[in-house]
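Some notes on the structure that comes next.
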Amino acid sequence: MNEALNSFLAKHERKAFRMAQLAVGNSDDAHDIVQDAMIKLVNKYAKRPKEEWPPLFHRIMQHQITSWYRKQQLQQRWFPWFSNTDDDSKDDVTLQHVHDPAGRSPDELLGNQQAMNKLEQAMTVLSLRQKQAFLCRCLQGLSTEETAHAMSCSTGSVKTHYHRALTTLREQLDEVWP
Amino acid sequence: MSNNNTEFETQLAHQLAESVEHIDAANLSRLNQARHTAIEKTNKQRFALPIWSTGVAASVAGLFMIYLSLPIGIGIQHTINEPLASIALFEQDELDLYEELDFYEWLEQEQQHG
Chain A
1 MNEALNSFLA KHERKAFRMA QLAVGNSDDA HDIVQDAMIK LVNKYAKRPK EEWPPLFHRI
61 MQHQITSWYR KQQLQQRWFP WFSNTDDDSK DDVTLQHVHD PAGRSPDELL GNQQAMNKLE
121 QAMTVLSLRQ KQAFLCRCLQ GLSTEETAHA MSCSTGSVKT HYHRALTTLR EQLDEVWP
Chain B
179 MSNNNTEFET QLAHQLAESV EHIDAANLSR LNQARHTAIE KTNKQRFALP IWSTGVAASV
239 AGLFMIYLSL PIGIGIQHTI NEPLASIALF EQDELDLYEE LDFYEWLEQE QQHG
C-alpha cells in the first residue's frame with residue numbers, strides 16, 4: 001500500500017507543486033498546499049482503489065488552493081499589515097535554470113525563462129477559477145469532465161473559465177506567441 | 179486534452195511542461211520530504227488507537243467502579259455465603275437422619291420384644 005502511494009505521489013508531486021506555485025504565486029505556500037493535499041489523500045483515501053487516486057488528488061489540490069485564496073482574502077481584509085509580499089518566492093522561480101541538466105544553450109534557456117516569466121505575469125490577471133481551469137487543462141492535461149470534477153463545478157463552467165483564460169492570455173502574450 | 183487544440187494552447191502546454199521538468203533541486207528535495215512525511219503519518223495512524231477508544235475505555239472503567247461501589251455488590255456476598263448455607267442445610271439433613279436412626283432403633287427393639 002505504502003509503495004503504491006509513494007510511487008503515485010512521486011509521479012504527481014511535480015505537476016501539483018508547479019500548479020500550486022503558479023496559482024498562489026509563491027513556493028512556500030505551494031509546498032504547504034501540496035503537503036496538505038498529500039496528507040489528506042493518504043489519510044482519507046489510501047484504502048480506495050488506485051484508479052480513484054488521481055481524480056481525488058486533483059480535487060483535494062483545487063480545494064486546498066481555493067482555501068488558500070479565501071484565507072488570503074480574509075487576512076487582507078482584517079489584518080492587512082500581515083499580508084506577505086511574493087517578491088522572494090518569485091526569485092527562486094526565475095533563477096531555477098542557472099544550470100540546465102538538459103544541456104541547452106544559455107540563449108535557449110534565457111528565451112525559455114523569459115517566456116515562462118511572461119506567462120506567469122499574464123496569469124496574474126486571471127481570476128482564481130480561470131487559473132484553476134487553465135492549469136488543470138494545460139498543465140495537468142485533464143479533460144473538461146475531469147477538470148469539472150476537480151473544481152467541483154459543471155463542465156459548462158469549466159469551458160467558460162478556460163475560454164476566458166485563453167482569451168486573456170492570448171491578448172497578454174501576443175508578442176511572445178503570436 | 180481534445181484533438182482540436184489550437185497552436186497557442188499547445189505552446190502554453192509545452193511551456194508549462196518544460197517548467198515542470200526543470201524544477202530546481204531545492205524544491206524537489208522539499209517535495210520528497212513532504213511525501214515521506216505524509217506516508218509516515220499514515221503508518222503512525224495505522225498503529226494508533228482511534229480517539230473514541232479512550233472514551234470507551236474510561237466509560238467502561240467508570241461503570242465498573244460504580245458497580246463495585248453500589249449495593250449491587252451484595253449479590254457477590256450471596257455467592258460467598260452460599261457454602262455456609264449449604265453446611266446449615268447439610269446439618270439439618272443430619273438431624274433428620276439422627277431422628278430416623280432413633281426411630282429405627284426403637285422399631286428394632288419393639289420387634290425383638292414383640
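Quick note, the sequences are listed as chains A and B, same order.
Each residue of the first sequence is one higher than the one before, counting from 1 in the working numbering.
Each residue of the second sequence is one higher than the one before, counting from 179 in the working numbering.
Idealized CB from N, CA, C, for every residue including glycine.
query                                                                                                                                                              : result
How should Y162 (chain A) be labelled, buried or exposed, when 16 other C-beta atoms within 10 angstroms of its C-beta is the threshold for buried?                : buried
Checking 8 Å against the spacing of the C-beta atoms, do V123 (chain A) and L22 (chain A) come in under that value?                                                : The amino acid occupying residue 123 (chain A) in the given sequence is Met; Val does not appear at that position. Result yes, Cβ atoms of M123 (chain A) and L22 (chain A) sit closer than 8 Å.
Kindly say whether A235 (chain B), judged by its beta-carbon, lies nearer than 8 Å to any beta-carbon of chain A.                                                  : no
Any beta carbon of chain A sitting closer than 8 Å to that of I217 (chain B)?                                                                                      : yes
In whole angstroms, what is the alpha-carbon distance linking F79 (chain A) and N221 (chain B)?                                                                    : 38 Å
For the alpha helix (DSSP H) containing L173 (chain A), list its first residue and its last residue.                                                               : Counting along the chain, L173 (chain A) falls outside any alpha helix (DSSP H), and DSSP gives it neither H nor E.
Tell me the residue span of the alpha helix (DSSP H) that contains Q21 (chain A).                                                                                  : N2 to V24
Please report the residue range of the alpha helix (DSSP H) in which I229 (chain B) lies.                                                                          : I229 to S247
Could you check the C-alpha separation between H63 (chain A) and A212 (chain B) for me, to the nearest Å?                                                          : 18 Å
For my contact list, N205 (chain B) and F17 (chain A) are in at a C-beta cut-off of 8 Å; report their separation, rounded to the angstrom.                         : 7 Å
Nearest to E199 (chain B) by CA position, among A:N112, A:L173, A:V125 and A:H149, is which residue?                                                               : A:N112
Assuming K131 (chain A) and V176 (chain A) form a contact by the criterion Cβ under 8 Å, report the distance between their Cβ atoms to the nearest whole angstrom. : About 18 Å separates the two Cβ atoms, so there is no contact after all.
Just the chain B side, please: which residues come within less than 7 Å of E13 (chain A) by C-beta, in chain order?                                                : L209 and R213
Give a yes or no on whether 8 Å exceeds the smallest Cβ distance from S247 (chain B) to chain A.                                                                   : no
Can you tell me whether L135 (chain A) is buried or exposed? The criterion is at least 16 other CB atoms within 10 Å of its CB, across all chains shown.           : buried
Indicate the three-state DSSP secondary structure (helix, strand or coil) for K47 (chain A) in the structure shown.                                                : coil
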